[in-house]
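One line per chain: the protein sequences are A and B, in this order. According to the working numbering, the first sequence is numbered sequentially starting from 1. According to the working numbering, the second sequence is numbered sequentially starting from 1001. Idealized CB from N, CA, C, for every residue including glycine. Predicted model only: the values in this text are computed from it and were never measured.
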Amino acid sequence: MRDACVVAGGQSKWGYRDATLIELFQEAGKACFEDNPHIKPADIDGILVASACSERLSRQTHLAPMVAEYLGIKTSSVCARVELLCGSGSSAIILAAGMIKSGLSDTIMVIGGEKLFTPQRWETFYSQLGSVDHDWDGAQGLGLPPSLLSIVFQRHAALYGTTEEQLAAISVKNRRNGLNNTKGQFRKEITLQEAMSAKPVAAPLKLYDCCPITDGAAAVILTSGEAAKDFTDKPLVKIIGTAQATESNSISNRGNWTTWNALKTAASRAYSMAGITADDVDVAQTHDCFTISEVIEYEDLGFCEKGEGGIFAEKGLSDFGGKVAVNTDGGLLSCGHPFGGTGIRQAIEIAKQLKGDAVHQVENARYGLTHNFSGAVVAHTILIYGRD
Amino acid sequence: MENQFSNLYSVILDTYPIEGKQLTKIWRFFEYLKEGRLTTTKCIKCGKVSYPPRIICPECLSEKLEWIDLPTKGTVEYFTELKAGVPVGFEKPLIHAYIKLSDSFDILSKIVGIKSVDDIHRGDKVKLKVFDVPPIPAEIGRDKINIDRVYFAFELDN
Ligand SMILES: [Zn+2]
Chain A
1 MRDACVVAGG QSKWGYRDAT LIELFQEAGK ACFEDNPHIK PADIDGILVA
51 SACSERLSRQ THLAPMVAEY LGIKTSSVCA RVELLCGSGS SAIILAAGMI
101 KSGLSDTIMV IGGEKLFTPQ RWETFYSQLG SVDHDWDGAQ GLGLPPSLLS
151 IVFQRHAALY GTTEEQLAAI SVKNRRNGLN NTKGQFRKEI TLQEAMSAKP
201 VAAPLKLYDC CPITDGAAAV ILTSGEAAKD FTDKPLVKII GTAQATESNS
251 ISNRGNWTTW NALKTAASRA YSMAGITADD VDVAQTHDCF TISEVIEYED
301 LGFCEKGEGG IFAEKGLSDF GGKVAVNTDG GLLSCGHPFG GTGIRQAIEI
351 AKQLKGDAVH QVENARYGLT HNFSGAVVAH TILIYGRD
Chain B
1001 MENQFSNLYS VILDTYPIEG KQLTKIWRFF EYLKEGRLTT TKCIKCGKVS
1051 YPPRIICPEC LSEKLEWIDL PTKGTVEYFT ELKAGVPVGF EKPLIHAYIK
1101 LSDSFDILSK IVGIKSVDDI HRGDKVKLKV FDVPPIPAEI GRDKINIDRV
1151 YFAFELDN
């Protein structure tokens, strides 16, 4: 089977933007092409567009042909939209990799993003009632998940002694790493004191424990190993492991809130496919929509023992120079989280790290991992990237 | 300038489920709810209890399901108040509690009837609270009818 390699990547400016969804896609597509001047729109034979809220918030369906047209891309192999809420971008990368490895496509642009700030801001929160089981959990007011993750933290704290200070250490790290992404939403360091004294969002989770609402888009171009050599002289960044696992979508059916079994299932499959273990991962972008998520992700991805995620952060083991550098460009907490764009932003940072092109480089990084969860901690999507 | 949207923002999302036997096969859940009962479906063939209610057993795919009652009283294990981003249509304070209803059934529900998050504690007893929600103005054949709806949350059981 052929390799699938990342040969270009770029993103729009993320944040509270003076731009519509299709304008964000144009900015991201341009940034992606500018990242590798050897690739032109005419080289692309497929496009996958990752976006979760285009109907609700931009009144637009049938999005992929529209994005292709605006970017001057004429597809011949695949042209479709992919949706898995916060995992939309990573899902689209998995599908693109499969298309390329199998030979159904040669060169695909994967582009994703959201316009979440509507002219009236209440609409964003209101619309998220459809992101959980609408009739049973949405009707209880459980759209965006701060309340859910607050309860996850309370249980993790009761079981393992995880503290609010340990969560704050993750806010401080990821806000500092946010300086490494010039197009991220927040680019200002915070102190532990500021994190600890911030106002509650869903107590005990506070402002800096939660990622913001974000407008933005990002794009990568994937191609076969053979074609990649025509497009770049840099070390090839290959997709070597993928997995996606889910557990009960309905909140009432979740057995265990502090061990994410679907994440463990996905991690095990992805590591096995890549032929590596957790210890081999040099750099990871995990789904830090909340600080407590990153704690549990260290544990269930196997970076540390169960229950020790808080200590792992506190000791700096997830920072540069630690055991594995996590969220090296600031993660969702700093860059923001335009759902369909997030997995693609993660891929861009991993590709830079593996090529040795990152703003803040993890020395000699060989294996990189991205992870998203989506919905009420329901689906877990993992990609493992490696370089020669 | 006045136009058709002057007083009407252009996006609507219905917060509550489709109810009524003209529109859903699980309409009995809502009829029982009006009687103060919290119910779900159980597979007659293999015994699997599913929540939310189904029309097909996810275990054996049988369509032969029966309605069973779930407990309507439980104990608060954890709770929190959503301070930012409360969806429109939900009253503040928006308090959610993780409630143990039985050894095998938990639910994450809104808690109504309290003025402040200070009024709820771990270990508090709670009970089902059923309330009216806006009806669905439905077009059924040539008729236009209002389908009355109810929904549920939990309240302190003092
Ligand atoms: Zn059955």
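Beta-carbon proximity check, A96(A) vs G112(A), cutoff 8 Å: Here residue 96(A) refers to the residue found at position 96 of the first sequence. Here residue 112(A) refers to the residue found at position 112 of the first sequence. No, the pair does not count as a contact, with Cβ atoms beyond the cut-off.
Helix, strand or coil at E1077(B) according to DSSP, with G and I counted as helix: The count along the second sequence starts at 1 and reaches residue 1077(B) at position 77. Reduced to three states, the DSSP call for E1077(B) is strand.
Sub-8 Å separation of V237(A) and A157(A) beta-carbons: As a first step, residue 237(A) must be located in the first sequence, where it is residue number 237. As a first step, residue 157(A) must be located in the first sequence, where it is residue number 157. In this structure, A157(A) does not lie closer than 8 Å to V237(A) by Cβ.
Within chain A, the residues that D1106(B) reaches when beta carbons sit closer than 7 Å: The count along the second sequence starts at 1 and reaches residue 1106(B) at position 106. Correct list: S252.
Burial state of D1132(B) (16 or more Cβ within 10 Å): Start at 1 with the first residue of the second sequence, and residue 1132(B) comes out as number 132. Looking at its Cβ environment, which holds fewer than 16 other Cβ atoms inside 10 Å, D1132(B) is exposed.
Exposure label - E83(A); buried when at least 16 CB within 10 Å: Mapped onto the first sequence, residue 83(A) falls at position 83. Counting Cβ neighbours within 10 Å, E83(A) comes out buried, since at least 16 surround it.
Q140(A) at chain B interface by Cβ criterion, 8 Å: Taking the first residue of the first sequence as 1, we reach residue 140(A) at position 140. Yes, Q140(A) lies at the interface with chain B (some Cβ there is under 8 Å from its Cβ).
Contained beta strand (DSSP E) runs [length at least 3] in the region 26 to 97 of chain A, N- to C-terminal order: 46 to 50 and 78 to 82
Residue environment, N364(A), which counts as buried when at least 16 other CB atoms sit within 10 Å: As a working mapping, residue 364(A) is identified with position 364 in the first sequence. N364(A) comes out exposed.
From M273(A), T259(A), L192(A) and E189(A), residue whose alpha carbon lies closest to that of N302(A): If you number the first sequence from 1, residue 302(A) lands on position 302. Inspection of the sequence shows that residue 302(A) is occupied by Gly rather than by Asn. Taking only the C-alpha atoms, the option nearest G302(A) is T259(A).
Rounded C-alpha distance that separates T1015(B) from I1136(B): By 1-based counting over the second sequence, the position of residue 1015(B) is 15. By 1-based counting over the second sequence, the position of residue 1136(B) is 136. Looking at the two C-alpha atoms, the distance is approximately 11 Å.
Sequence-distant residues of its chain with Cβ nearer than 6 Å to E189(A) (five each side left out): Residue mapping note: residue 189(A) aligns to position 189 of the first sequence, counting from 1. Around E189(A): R175 and R176.
Same chain, Cβ closer than 6 Å to S334(A), five either side skipped, listed in chain order: Counting from 1 along the first sequence, the entry for residue 334(A) is found at position 334. Within the same chain, S334(A) has close Cβ partners N174, R175, G178, G184 and F186.
Nearest-residue set for ligand 1, Cβ under 6 Å from any heavy atom: C1043(B), K1045(B), C1046(B), K1048(B), C1057(B), E1059(B), C1060(B) and S1062(B)
For T342(A), the three-state DSSP class (helix, strand or coil): In the first sequence, counting from the first residue as 1, residue 342(A) sits at position 342. Residue state, collapsed to three classes: helix.
DSSP beta-bridge partners of G15(A): The residue you call residue 15(A) lines up with position 15 of the first sequence. D215(A).
Closest residue to F1152(B) among K1083(B), I1111(B), Y1051(B) and D1118(B) (Cα-Cα distance): Taking the first residue of the second sequence as position 1, residue 1152(B) is located at position 152. Out of K1083(B), I1111(B), Y1051(B) and D1118(B), I1111(B) has the C-alpha closest to the C-alpha of F1152(B).
Neighbour flag for Y1151(B) against chain A, beta carbons, 8 Å: Here the question's residue 1151(B) lines up with position 151 in the second sequence. Interface residue, yes.
Closer than 8 Å to chain A by CB, A1081(B): Working through the second sequence from its first residue, we reach residue 1081(B) at position 81. Note that residue 1081(B) corresponds to Glu in the displayed sequence, not to Ala. Chain A, which has a Cβ nearer than 8 Å to the Cβ of E1081(B), makes this yes.
D388(A) to C5(A) span [Cα, whole Å]: Taking the first residue of the first sequence as position 1, residue 388(A) is located at position 388. Taking the first residue of the first sequence as position 1, residue 5(A) is located at position 5. For D388(A) and C5(A), the distance between alpha carbons rounds to 11 Å.
Rounded straight-line distance, which links the Cα of Q285(A) to that of L1023(B): The residue given as residue 1023(B) occupies position 23 in the second sequence. The residue given as residue 285(A) occupies position 285 in the first sequence. Whole-angstrom Cα-Cα distance: 44 Å.
Contact set between F125(A) and chain B, taken where Cβ atoms lie within less than 8 Å: Working through the first sequence from its first residue, we reach residue 125(A) at position 125. Going along chain B in sequence order, the residues near F125(A) (Cβ under 8 Å) are G1085, V1086, P1087 and V1088.
Cβ-Cβ distance between P146(A) and A202(A) below 8 Å: As a position in the first sequence, residue 146(A) is number 146, starting the count at 1. As a position in the first sequence, residue 202(A) is number 202, starting the count at 1. Yes, the pair counts as a contact, with Cβ atoms nearer than the cut-off.
G138(A) beta carbon less than 8 Å from that of L129(A): Translated into the one-based positions of the first sequence, residue 129(A) becomes position 129. Translated into the one-based positions of the first sequence, residue 138(A) becomes position 138. Result yes, Cβ atoms of L129(A) and G138(A) sit closer than 8 Å.
is_contact[S1116(B), chain E] using C-beta, thresh 8 Å: Checking the listed chains, one finds no chain E in this structure; the protein chains it contains are A and B.
From C1043(B), K1127(B), V1076(B) and W1067(B), residue whose alpha carbon lies closest to that of L1061(B): Numbered from its first residue, the second sequence carries residue 1061(B) at position 61. Cα-wise, what sits closest to L1061(B) is C1043(B).
Of the listed residues N253(A), I251(A) and A245(A), nearest to R394(A) (C-alpha basis): The structure shown does not extend to residue 394(A), since chain A is modelled only from 1 through 388, so no value can be given for it.
Chain B contact residues for G130(A), given Cβ-Cβ distances below 8 Å: In the first sequence, counting from the first residue as 1, residue 130(A) sits at position 130. Ordered by position in chain B, the residues that pass the 8 Å Cβ test against G130(A) are L1013.
Those runs of the beta strand (DSSP E) which lie wholly inside the region 1109 to 1156 of chain B and span at least 3 residues: 1125 to 1140 and 1143 to 1156
Limits of the beta strand (DSSP E) - the one that K1100(B) falls within: Here residue 1100(B) is taken as the residue at index 100 of the second sequence, counted from 1. Per DSSP, K1100(B) belongs to the beta strand (DSSP E) from L1094 to S1102.
Straight-line Cα distance separating I382(A) from G9(A): Translated into the one-based positions of the first sequence, residue 9(A) becomes position 9. Translated into the one-based positions of the first sequence, residue 382(A) becomes position 382. So the two alpha carbons sit approximately 19 Å from each other.
Where the region 182 to 204 of chain A meets chain B: residues whose CB sits under 9 Å from a CB there: K199, P200, V201, A202, A203 and P204
Local Cβ density within 10 Å of L167(A), reported as buried at 16 or more and exposed below that: As a first step, residue 167(A) must be located in the first sequence, where it is residue number 167. By the neighbour-count rule (16 or more Cβ atoms within 10 Å), L167(A) is buried.
Under 8 Å between C-beta atoms of G15(A) and D215(A): Here residue 15(A) corresponds to residue number 15 of the first sequence, with the count starting at 1. Here residue 215(A) corresponds to residue number 215 of the first sequence, with the count starting at 1. Yes.
Backbone CA spacing between E294(A) and P1058(B) [nearest angstrom]: Mapped onto the first sequence, residue 294(A) falls at position 294. Mapped onto the second sequence, residue 1058(B) falls at position 58. Answer to the nearest angstrom: the Cα atoms are 32 Å apart.
Local Cβ density within 10 Å of L142(A), reported as buried at 16 or more and exposed below that: What you label residue 142(A) is simply residue 142 of the first sequence in a count that begins at 1. Result: buried.
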